[in-house]
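Protein chains: 2
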Amino acid sequence: MVAGPLPAPSGPGKDRLRLWIRLLRASRTIEAELRERLKKDFNTTLPRFDVMAALYRVPEGMLMSDLSRFLLVSNGNVTGIVDRLVSEGLVARARRNGDRRTSMVRLTEEGTQAFATIAAAHEGWIGELLGKVSEDDARRLTGMLTSFRSNWEGRE
Amino acid sequence: MVAGPLPAPSGPGKDRLRLWIRLLRASRTIEAELRERLKKDFNTTLPRFDVMAALYRVPEGMLMSDLSRFLLVSNGNVTGIVDRLVSEGLVARARRNGDRRTSMVRLTEEGTQAFATIAAAHEGWIGELLGKVSEDDARRLTGMLTSFRSNWEGRE
DNA sequence: GTGAATTATTTCAAGCTTAAAGTTTCATAT
DNA sequence: ATATGAAACTTTAAGCTTGAAATAATTCAC
Numbered sequence: 001m002v003a004g005p006l007p008a009p010s011g012p013g014k015d016r017l018r019l020w021i022r023l024l025r026a027s028r029t030i031e032a033e034l035r036e037r038l039k040k041d042f043n044t045t046l047p048r049f050d051v052m053a054a055l056y057r058v059p060e061g062m063l064m065s066d067l068s069r070f071l072l073v074s075n076g077n078v079t080g081i082v083d084r085l086v087s088e089g090l091v092a093r094a095r096r097n098g099d100r101r102t103s104m105v106r107l108t109e110e111g112t113q114a115f116a117t118i119a120a121a122h123e124g125w126i127g128e129l130l131g132k133v134s135e136d137d138a139r140r141l142t143g144m145l146t147s148f149r150s151n152w153e154g155r156e
Numbered sequence: 001m002v003a004g005p006l007p008a009p010s011g012p013g014k015d016r017l018r019l020w021i022r023l024l025r026a027s028r029t030i031e032a033e034l035r036e037r038l039k040k041d042f043n044t045t046l047p048r049f050d051v052m053a054a055l056y057r058v059p060e061g062m063l064m065s066d067l068s069r070f071l072l073v074s075n076g077n078v079t080g081i082v083d084r085l086v087s088e089g090l091v092a093r094a095r096r097n098g099d100r101r102t103s104m105v106r107l108t109e110e111g112t113q114a115f116a117t118i119a120a121a122h123e124g125w126i127g128e129l130l131g132k133v134s135e136d137d138a139r140r141l142t143g144m145l146t147s148f149r150s151n152w153e154g155r156e
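Chains as they are written, first to last, in UniProt numbering: chain A, 1 to 156; chain B, 1 to 156.
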């Protein structure tokens with residue numbers, strides 16, 4: 001990934017390779033910037049933000065496995081992040097009556113308020129970082145990426 | 001990041017937020033797939049591939065700091081990855097006469113051959129994974145992402 | 001020339017990440 | 001009822017990642 005600008009690749013299929021490289025560099029650049037700001041302004045991390053963002057949409061909570069599927073990361077990964085969020089009082093696990101294997105994970109009151117604040121800043125940052133992309137281009141790009149993704153949805 | 005499809009965000013500036021979410025999901029999906037294939041088919045990792053790809057472009061080698069700048073990752077990170085590649089015989093460090101702080105890092109003969117093989121497979125995978133994106137759309141998307149990036153090039 | 005900043009790199013601690021193996025609980029077929 | 005298997009989750013080991021501190025070498029101001 002992140003291959004080179006020097007001997008600009010050419011030939012059949014190179015357009016897609018170049019697209020992938022640009023896509024990756026763009027998302028890494030933005031991610032790095034967001035990570036830095038989350039740390040500096042809110043003393044938190046991108047993975048914690050991701051988990052909280054997922055939970056924020058669903059007040060009643062999510063199962064660990066749903067969370068992991070939604071975030072595209074492994075089960076064990078989510079366990080660790082949620083552990084830390086719980087120890088910080090931002091998230092709570094609730095055992096369920098029906099199935100004792102599972103637990104509903106949800107934002108606490110404190111977590112909900114904390115996330116709302118961070119999310120507002122986050123949206124502003126995105127607006128700033130993607131400021132040079134016109135609203136029109138943004139919609140067009142989003143459309144292309146969506147159709148790409150539908151190609152992969154529910155593959156394995 | 002990777003926020004939700006459920007309460008579809010709307011309002012001013014939401015188009016850019018949505019774009020970012022799609023961008024991130026697309027790149028994470030592709031990255032996950034590549035990581036899995038690199039592991040299965042070549043018993044290597046994405047970070048190792050990235051470093052080798054960077055070095056492949058420049059037979060004479062790169063400084064650690066150039067490598068870290070190019071790959072958008074921290075110095076200490078590169079140290080660890082290069083250490084492992086060196087211990088596998090794929091990469092070599094060469095102390096320089098001029099400046100004894102620095103060392104030129106380059107692919108070994110073995111590393112060069114290994115990378116050529118992996119890179120060929122990699123390009124095929126990208127062609128497959130992005131197959132639904134037309135060459136035309138690929139070029140257009142690349143253009144948009146490039147102009148976005150120029151906004152950020154050499155910021156801090 | 002000496003000392004102070006600067007630069008290149010490594011080391012370190014904490015946290016993120018995965019794949020694989022392990023635990024507990026549930027479902028279902030006899 | 002009870003085995004068998006599947007499902008939900010956690011644990012573990014190895015590796016990736018960052019930011020900050022530490023080392024070492026160079027450059028620059030005087």
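Heads up, the beta-carbon is just placed ideally off N, CA and C, and yes, glycines get one too.
Quick one: any contact between the segment 38-58 of chain A and the segment 86-104 of chain A, if contact means 3 or more CB pairs under 8 Å? yes
For Ser-103/A, write down the residues that DSSP places opposite it in a beta bridge. Arg-95/A
From Arg-25/B to Arg-106/A, what does the alpha carbon distance come to, in whole angstroms? 23 Å
Would you list the residues sitting across from Leu-63/B in a DSSP beta bridge? Met-104/B
Alpha-carbon to alpha-carbon, Glu-110/A and Lys-40/B: The alpha-carbon atoms of Lys-40/B and Glu-110/A are separated by roughly 43 Å.
Distance, Cα to Cα, Ala-138/B vs Leu-85/B? 33 Å
Taking only the alpha-carbon atoms, compute the straight-line gap between Leu-145/A and Arg-22/B and give it to the nearest angstrom. Cα-Cα distance, rounded: 6 Å.
Rounded to the nearest angstrom, what separates Leu-55/A and Leu-17/A at their Cα positions? 35 Å
Identify, in the order they occur along the chain, each residue of the same chain with its Cβ nearer than 7 Å to the Cβ of Trp-125/B, setting aside the five sequence neighbours on each side. The beta carbon of Trp-125/B sits closer than 7 Å to the beta carbons of Leu-34 and Arg-37 from its chain, once the five residues preceding and following it are set aside; these are given in chain order.
With a threshold of 16 other CB atoms inside 10 Å of the CB of Asp-15/B, please say whether the residue is buried or exposed. buried
Could you check whether the Cβ of Gly-76/B sits closer than 8 Å to any Cβ belonging to chain A? no
Taking buried to mean at least 16 other C-beta atoms within 10 Å of its own C-beta, is Pro-59/A buried or exposed? exposed
Rounded to whole angstroms, what's the CA-CA distance from Leu-71/A to Pro-47/A? Just pull it up for me. 9 Å
Is it buried or exposed, Ser-87/A, if we count other Cβ atoms within 10 angstroms and call 16 or more buried? exposed
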